[in-house]
Every structure is written in C-alpha cells, then in structure tokens.
Amino acid sequence: MNTKQMEELTGITRQNIRYYERQGLLEPARDAGNAYRDYSDEDVRRLKLIKMLRMLDMPLKEIKEVLDGTLPLKEAAAKQQEALLRQQKQIQAAVEVCANIRKEKSESIDVDSYLDRMEHMAKSGSVFARIVDDYKQVAEEERQRQFSFYTDQPVNTAGRFEEELRKWAGEERRKFRMVRPGRYPEFTLDGVSYTAACTVEQDQETKEPRTRIVCGREDDEKVKKEVQKNRRAVFQGIYSIGVNIRRHRFKSILNGMISMMTVVVLVFYLGNLVSARGQFEELPEAIPVRATVMNAAGTLNSGLFIRQQVLDMVYTSPHIWKIRETAELVGHMTQADEGAGTEEQTQADEGAGTEELTQADEGAGMEEPMQPGEQIEAEDSAQPDEDNGSLSGDIPQADEFRILGINDLGSVYEDCEQDLTWADGWSWESFQKSRDVCVAGTAFLVGHGLEPGDHLSCSLEHYIRAEIGLGLEREELKPLEMEIVGAIEDSEAGESMAAEVMLPIGAVRQLYEENDKVYFASSLRFTVKDPMKLNELKQDLREPGLTPVVPGSPENYAGSALRMEDDVFIQAALGLEKSISLLEGFLPFVLLIVVLSGYIVPHLLFQGRKGEYAIMRALGTSKRRCTLVFFAEHMLLAACGGAAGAVIGAIFGTSDILTAWMVWGIFLCCYTLGAAAALWMFGRMSIAAVLTHQ
Amino acid sequence: MEKIRVENVSYSYQNQYQKIEAVKEVSCSFEAGNMYAITGESGSGKSTFLSLLAGLDRPESGTILVEGENLLEMDRDAYRRKQISVVYQAFHLFPLLNAVENVMYPMELQGISRREARKQAEDCLREVGLGEKIFHQYPKMMSGGEQQRVAIARAMAAQGRILLADEPTGNLDSENEAHIVELLGKLAHERDYLVIVVTHNPEVARQADVCLKMKDGRMV
C-alpha cells in the first residue's frame, strides 16, 4: 500500500511517517518500477505500535530498541511507567505552586521566592533519586565487566565456542556479533567489545568436569554513563566490597549471622537490665511508701495531738510529699441558724464549754464515721472500741457537727473531689487561700436547710487534754461565721465522710492564733518521696520525737509514733536490686564476650584471605590502606547483621527501639575493638611466609 | 653498577617449636644488568633472604644498602611500590582484575593517572610477549605461563629496575619455563634490570649470569 493509504489506515500524518522513516523506525520496501514506498502489513503493525508508544510519550530511541528487539516491550513499558510517575510528581508539585499563587492576596507575587522554592523542591526531590540511579548505573557497568556461564557441552573448538556464546546471547536477548573467533574469541554484546575464555571446572555436587565460559569487557569509555568522577570511585569501592562479600559469601553470611545473634542476645540482656532499672526508678510511684503519725501504742491514727515541731519537720523534709494534715473541731449551730435549719436542736448546746470526757466515753463514739484509710489496726481485739481514734468519740449532741481543717480533699474521703461541687467562682486553690469559708456535705446542708452561698454561723470548740487522767476536754473558741462555697455529695460516701464541714487548714491555724491557743494537728499522713532514703528520713523524724510504734505502750492521744507502710516496697526493692546487681555484675563479662567475638570472628574469617592481603602489601599497598579495606568490609557486614539483630530484638524482645539501637551502638563499639585487635594481629603476619608458601 | 649491597645480614624467626636462624651473616652485592640465581636446598634460607631484599622482613643485624641507601631507614612500603618488585611461584594475581588492571595496580598506587597507567600496562604486557587478546582476560581465563608473564609485567610496572623472583617457574611446564627464564634474562641484559631468582632448578641457575648457593643460612 502507498503512503496515502497508510495515512488513512493508521491516522498518522504523512510528515510523521517520513520522520519515523528517517529515524530508522520504519523501512518500507520500494516499488521496483517507480521506487514509490510500498508498505507491507508488517509495516502497518510497526507503525501502529510506534503510534501507541508515542501516545505513551516513550522516547523514539527506546521505541527503536523495542522494534529492533533489543529492549523487550514489557521492560520498555516498565521504564516508561517509572518516567511517567516521576513526571506525575513534578506535575503535582507544579499544581501545588499554582494553587499557592492563586491564594496570594496581592496581585503581584515574589517571583524570586517562588523560583527559589521551586528550584529547592526540584533539587531535593531528585538528588537521592540521582544518587540511586548513578549507583545502579555504576553497579551495572561493573557487573558487565566480567561474567561467566556454564555450558552443557564441552567446548573443544572455536566453532563450538562461538555457538555457545550465540546461544547464551540469544537467551539473554543481547545483540551478539563475533569479531574474531578462536581460543580467546572477541565479540560484541549490544555493541560493547568482549573477550572470552573457557575453563574446565569440577562440579561441586557431581564432581564431574564442566565447562565454564568467562567473558570480560574491555574498559570502554562508551559504556560509561555520565557519573561524577568521585562518585563513580566511591560507588566502585562499594561495589567492590559487595563483590568481595559475595565472593566470600559463606564467610560473609556467617559474619552477619554471628553479629545478628550477638545483638539479639545483647538486646534481651540489656533490655532486661534497662527494664529492671526503670522498674526500680518507678518503684516509689508504683509502690508508694506512706507513713502515718500515730499514738505510741499504734491504736490511733487521728484525733491526736500532733505537735508543731513534728509538723515543721515533716513540711521541711525534702524526702516527704503528699502531706495530708487535718485538725478537728466541734461546731454548734448558733440560734439564728437553728430556725432556718435544725429545729430539733437540743439544749445540748448548753454543753458548749468544757466537757469532760473519759476514755470510757470514747467507746460510745464508734458510730462516728471515719475514712477507710484511717482504720486502725487493733492491737487488742477485745477492745475494738478503742480503734476509733476520733476525738469526738463522745456522744454527739443534736446540734453538734464535726469540723475538719484539711489541706487535701483526700482527707475527707478518697475521691471526694469527684463529688464536690464548687459555688460559682470557687475552686480548691481559692478555697485553700481563704478563711471564713467552708465546704459541707449535702446531708448536713439539707438537714440544716442550707445551700452553697449561704452563711453558716456556729460556735466552736476544740479538744484539749484533760488535766486529770487520760481523758479529753473541750474548750470553747470564738464563734465563727463562714460562707459555704462548696457541697460534697455525700449520700454515697456515707460513713466514710470524716466530718460534716470542712475548712482550709490555714484558716484553722488562724483560728487558734486568734484564740491564742496552741495548735495541734489531729492527724498527719504523708508519702515518702524518695524511699531509697528511708532510713535517713526515719532518723530525721526521730528528732521531733517520732519513734516507731510499740504495741502495748500506754494509751494516750499524743501523736508521737510513726507507722511506715514500707514492707512491700522494701521487699520489691530488694528483689529488683538483687536482679539489677546480678545483671550488672555480668555486664563486663557480656561486653568482654562481644569484644572476643569481634576478635575471633574476623580472625577466623580472614585466615583464608591471607594471600589477598599479602599480595596487596607486597605490591606496596600501605598497611593502613589494606587494613582499612578489610576492616570496612568486615564492619559493614557486622553493622548490617547487628542492625537486623536490633530490629529483631526490638520486635520480639523486652526493649524499646531506642534501647535496641543503643545496644547496636554498644555492640559496634565492642565489636570494633575486637575486630581492630584481630586485624592488628592479622597485619602482623609474615607476608613473605604467606607468599612463599602458598 | 652496584645496585644492592648486603653486609653481615642475619635473620631468625621463631616457629612453633624453636628459633630458626634462617640467614646467618650473609654479605654479598648485586649489580644491575645481571641475572643472579640463588640456589640451595629447601630450608637453606634462600626465600627468606629474598624477603629481606624485598623489604618484607627486617634483618636482625647487618645492613642492606639499596643504591647506597640503608633499607632499614627507608619507607619500606614506598620501597616496594617504587624500587623493587617480586614475582612468586603462585603468581598472586588479583582474581577480580583483568590482565591490564593487574599490571595497572602498582602504577595506580604510585599515583599515575589511570589513562597513563593503562597505556604503560599495555606496553608492559606487550613487552612480556602477551598479545591484546590477553589484555582483558581475567586470571582464571589464562594459562600458568600467561599468568606468570602478567605477574612479570606487573613487576616491570613498578619501574624500580630490581626484580626478585621466587621460584618463578615452579608451577610451569618446561616450555613456559624456558620462556620465563628467557624473559628474565632479557630484562637484565637489555633493560638493565637487576634480576635475582631464587630457584632449586639447575636449568634456571645455569642460565643466570651469577649463581650463588646458600646452605644453612650462609652464602657458600
């Protein structure tokens, strides 16, 4: 068919068909008579293929290779796909720049700034890709320098040699041309010159002789693509190390595996150590050591008289935190409020003043609610009533209510904060700093017809030691008017409520000052901040007179003893300390083993490479350079194996990824030491002996 | 012209069981343009003596003067790179480098540009009688004789004009042996090399200009 028919059939213009012809993509036959082009069906197929590939934006050079059969279509499609994806990224970046320009508020834009950003994007996006491409290029060049393959038949003649080469080239889809046949034939593969030779080797498995053809490429500048000179040298170095590793692959795998296993073991070992240390450090948080001031017999933990010296020591000690201090008072509703609230107030008010209480009275006070944490371990079960340490163990009178000075809401009952509703503008912080304010339980408020925001007027009493005997007396303080700034929903708290009305501890202290009375705290609890210094703290607390609880001591209300809840902590700490010291004790040996493996592994692996090292030295390569080459190769494998071990250890081990990498670093340091020693020993060998006796 | 002078050189080494005095107070001199053969029985110290001359071992006592300069005071790596080269029985070519690259190796160590080194390497290979077809072949592709020629070409590339050979024909057949000996003789007589060959082969020794014999570490 002629050009016009071709044009109609393929939809490609006459000019383009001619252009493809000029580029060598198409070679139509010529009519014998008029020399007009005569396109065959095969030409139509080729032209359609060209059109299809051009529509995929494939360069003509590659289309030509596809048509020539030197580049398989699938491979060309894969290459083009990569190129298109690169373009797609560039177009996406360009679209984003356009969008940014559209978003600019002013009409004019900063062209330089945009240009800089775009250049930076183009540069940063392509640098890595270019490095990878360059390496692939250099690696491919190096790979093609020498390659070999085995033949099925023995190669005895030049013709047979050529036949085997052609067969191999056909299988590899390489364009083969014989230049000079012979024992060492010269030929070209895809236009690059090679020479070949054949050797007979013994098959490792069958022990039968087999023929191997080794081909070597001439150092042809044509095959070298554009790669920076220094970069090429570095990549060639890396490639050579890779080839060496491959050549000694059994030893290389062994090296990598040993490194990997060493790091896995190290990760498990050091991971345990780090974990145990972490647990030890977190022990004070996990198992807090709490202490409670008690009476000497250890039967009371509240309703005590705790002296100011004890409080000063506790508040100033650096080893103590989370201090819970309470001060207990008794309130009586004054007449004005009674009308509004409790009409059932009785004349018990009259009891305001000093009432004498005896220890026998205390027994009746067992119904007083106490917070669970303050339960006392009864020394004598026959006298359970004494376990209630409340100073208000007397028979409560109808208008009486308990007032508690607090510095922590937990003193009321645990999680009290969740049930507390503050009046507008109030919070725990502002409450603590104020005086003449209180929070009260809802039962109390309902019972007295009060609500947050109301004022509560009451007369006050505090406890003092009886002048005679071991009993307690009450002493009147100035009346008090307080604003109710919060309500505690105590319906669920019930008996665990320590008191009906709560005041800031600072306000209670001030009350004592104003009434010119000596202040005593009723209860004191705290947590030991640094339990590792427990003994030091106990010693400090002896100064103001706090001694350990001695069961059976005379009952009294003096807060003079200290109960430390430290048994569990001490046991846990001792256990962990033992584990840590055991692990730490072995650490030097473990590291020594790593150093030794770093020595032994290269020492054994390098034995088979003495000849290589010796000849390098004999030719005048400095010891430093030889060592560096061997060392780099060995450490590269160790680092890779170690990294794999670190990843495995982090995935299956007890340590986090950071610890795993830290272990990898430690391993590399130790292994480097060992390997350096091994190489130093290796370098001391007699080169002459190796070269002479090999 | 005297190239190497050896004065009262002794050397001993400790093997697994005992101290071996390999070289005992050897004194001799070697002149350029000659081919020397050192013969002797196994264990007579001839290979050790060659290693001392190559700067691979350090004598315990005595001095080795190379062109008037004390070898012990020289940078021995540089000495091996620039002044002396050794050829071994086992060839010791780099298996991953082809013939030209093997010969280029010492030149590259000397800092000669790759292009120039290639040119010189090809000249050296031609000089030892190897054609272009060998240039790009790898050691595995060559016969023993060809490998030894490449090793000699590599030794020539050092351009130090001192060539030491330790049993260079030990692994070769008689035809190749004759070629190699002839080549070494040529280097000495036509290129003014100092060639010292350690051999136990009387045929090789016969073709040397001077034949020295060692026995029990002494030159006799």
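Chains as they are written, first to last, in this note's numbering: chain A, 1284 to 1977; chain B, 10 to 229. For every residue, glycine included, the Cβ atom is placed at its ideal position computed from N, Cα and C.
(request) Enumerate in chain order the residues of its own chain whose CB-to-CB distance from residue 1546 (chain A) is below 7 Å, with the five nearest sequence positions on each side excluded. (result) Shown here for residue 1546 (chain A): same chain residues with a beta carbon closer than 7 Å to its own, the five before and five after excluded, namely 1925, 1928, 1929, 1932, 1946, 1947, 1950 in chain order.
(message) Please give the ranges of any beta strand (DSSP E) in the segment 1726–1803 of chain A, keeping only runs that are unbroken, at least 3 residues long and fully inside the region.
(response) For the segment 1726–1803 of chain A, whole beta strand (DSSP E) runs of length 3 or above, ordered along the chain, are 1738–1748, 1755–1771, 1784–1787.
(request) Please say whether residue 1589 (chain A) and residue 1842 (chain A) have beta carbons closer to each other than 7 Å? (result) Cβ atoms of residue 1842 (chain A) and residue 1589 (chain A): closer than 7 Å.
(message) Rounding to the nearest angstrom, what Cα-Cα distance links residue 162 (chain B) and residue 129 (chain B) in this structure?
(response) The straight-line gap from Cα to Cα measures roughly 10 Å.
(message) Against chain B, does residue 1521 (chain A) count as a neighbour if the rule is that its beta carbon must be under 7 Å from one of theirs?
(response) Output row for residue 1521 (chain A): interface = no.
(message) So the candidates are A:1953, A:1920, A:1845; which of them puts its Cα closest to the Cα of residue 1870 (chain A)?
(response) For residue 1870 (chain A), the closest C-alpha among the options A:1953, A:1920, A:1845 is that of A:1953.
(request) Compute the Euclidean distance between the alpha carbons of residue 109 (chain B) and residue 1532 (chain A), then round it to the nearest angstrom. (result) Each residue's alpha carbon lies about 27 Å from the other.
(message) On the CB-based measure, 16 or more other CB atoms within 10 Å of its CB, does residue 1974 (chain A) come out buried or exposed?
(response) Residue burial annotation: residue 1974 (chain A) is buried, with at least 16 other C-beta atoms found within 10 angstroms of its C-beta.
(request) Within its chain, find whatever has a CB closer than 7 Å to the CB of residue 1369 (chain A); leave out the 5 residues flanking it on each side and keep chain order. (result) If we look at residue 1369 (chain A) and ignore the five residues flanking it on each side, it has no Cβ neighbours.
(message) Please state the DSSP three-state secondary structure of residue 224 (chain B).
(response) DSSP places residue 224 (chain B) within a strand segment (E or B) once states are collapsed to three.
(request) Can you tell me which of A:1519, A:1391, A:1442, A:1292 puts its alpha carbon nearest to the alpha carbon of residue 1912 (chain A)? (result) If we check each option's Cα against that of residue 1912 (chain A), A:1519 comes out closest.
(request) State the DSSP-derived secondary structure class of residue 1491 (chain A), mapped to helix, strand or coil. (result) Secondary structure at residue 1491 (chain A): coil, using DSSP grouped into helix, strand and coil.
(message) Residues in the same chain with beta-carbon distance under 6 Å from residue 158 (chain B), minus the five sequence neighbours each way, listed in chain order, please.
(response) Excluding residues within five positions, the ones whose Cβ falls inside 6 Å are 137, 139.
(request) Quick one: residues in its chain with C-beta nearer than 7 Å to the C-beta of residue 22 (chain B), no 5 flanking neighbours on either side, listed in chain order? (result) Same-chain partners within the cutoff: 29, 31.
(request) Would you kindly work out how many angstroms separate the C-alpha atoms of residue 1455 (chain A) and residue 213 (chain B), rounded to a whole number? (result) CA-CA distance, residue 1455 (chain A) to residue 213 (chain B), rounds to 49 Å.
(request) Pick helix, strand or coil for residue 44 (chain B), following the three-state DSSP scheme. (result) Annotated three-state conformation of residue 44 (chain B) is strand, per DSSP.
(message) Quick check on the burial criterion: 16 or more other C-beta atoms within 10 angstroms. Buried or exposed for residue 1741 (chain A)?
(response) Within 10 angstroms of the beta-carbon of residue 1741 (chain A) lie 16 or more other beta-carbons, which makes it buried.
(request) Check whether the Cβ of residue 1467 (chain A) lies closer than 7 Å to any Cβ atom in chain B. (result) With 7 Å as the cut-off, residue 1467 (chain A) counts as an interface residue toward chain B.
(message) Taking beta-carbon pairs under 7 Å, can you tell me which members of the segment 168–189 of chain B lie near chain A?
(response) Contacts with chain A (Cβ-Cβ distance below 7 Å) from the segment 168–189 of chain B involve 175, listed in chain order.
(request) Starting from residue 1608 (chain A), follow its DSSP beta bridges and name the residues at the other end. (result) Residue 1608 (chain A) pairs with A:1807.
(request) Taking only the alpha-carbon atoms, compute the straight-line gap between residue 1451 (chain A) and residue 1439 (chain A) and give it to the nearest angstrom. (result) Spanning the alpha carbons of residue 1451 (chain A) and residue 1439 (chain A) requires a straight line of approximately 17 Å.
(message) Considering Cα atoms alone, identify which of A:1583, A:1856, A:1909, A:1731 is closest to residue 1808 (chain A).
(response) Looking at A:1583, A:1856, A:1909, A:1731, the one whose alpha-carbon comes closest to that of residue 1808 (chain A) is A:1583.
(request) Within the same chain, show all residues whose beta-carbon is closer than 6 Å to that of residue 1481 (chain A), passing over the 5 residues directly before and after it, in chain order. (result) 1438, 1494, 1496.
(request) Identify whether residue 1619 (chain A) lies in helix, strand or coil by the three-state DSSP scheme. (result) Any reading at residue 1619 (chain A) is ruled out, since the residue's pLDDT is 48, under 50, leaving its predicted position unreliable.
(request) Tell me, please, whether the segment 1809–1820 of chain A touches the segment 1602–1609 of chain A by the rule of three or more beta-carbon pairs shorter than 8 Å. (result) By the criterion of at least three beta-carbon pairs nearer than 8 Å, the segment 1809–1820 of chain A is in contact with the segment 1602–1609 of chain A.
(message) For the ligand ATP, is there any heavy atom lying closer than 6 Å to the beta carbon of residue 1693 (chain A)?
(response) The model on display carries no ligand, and the ligand ATP is accordingly not part of it.
(message) For residue 111 (chain B), report the span of its alpha helix (DSSP H) as first-last.
(response) Here the alpha helix (DSSP H) through residue 111 (chain B) covers 108–118.
(request) Please work out which residues of its chain come closer than 6 Å, Cβ to Cβ, to residue 104 (chain B), disregarding the five sequence neighbours upstream and downstream, and give them in chain order. (result) Its chain contains 148 as the residues whose beta carbon lies nearer than 6 Å to that of residue 104 (chain B), once the 5 sequence neighbours on both sides are disregarded; these appear in chain order.
(message) Looking at the strands, I want to know which residues DSSP matches up with residue 38 (chain B).
(response) Note: residue 38 (chain B) sits in a beta bridge opposite B:14.
(request) Quick one: using the 10 Å Cβ neighbour count with 16 as the cut-off for buried, is residue 123 (chain B) buried or exposed? (result) Residue 123 (chain B) should be labelled exposed.
(message) With three or more beta-carbon pairs closer than 8 Å as the criterion, would you say the segment 1338–1349 of chain A touches the segment 1359–1374 of chain A?
(response) They touch, by the three-pair rule.
(message) Does the contact criterion of 3 or more C-beta pairs under 8 Å hold for the segment 202–211 of chain B versus the segment 163–183 of chain B?
(response) Yes, they touch.
(request) Would you decide whether residue 1305 (chain A) is buried or exposed? Buried here means 16 or more other CB atoms lie within 10 Å of its CB. (result) Counting C-beta atoms within 10 angstroms of its own C-beta, residue 1305 (chain A) has fewer than 16 neighbours from the protein chains shown and is therefore classed as exposed.
(message) Less than 6 Å between C-beta atoms, sequence neighbours within five positions excluded: which residues of the same chain meet that for residue 133 (chain B)?
(response) Annotation for residue 133 (chain B): 112, 162, 165, 166 place their beta carbon closer than 6 Å to its own, counting only its chain and skipping 5 residues before and after.
(message) Counting only Cβ pairs nearer than 8 Å, list the residues of chain B close to residue 1500 (chain A).
(response) What residue 1500 (chain A) touches in chain B: 145.
(request) Taking 7 Å as the cut-off, decide whether the C-beta atoms of residue 50 (chain B) and residue 20 (chain B) are in contact. (result) Cβ atoms of residue 50 (chain B) and residue 20 (chain B): not closer than 7 Å.
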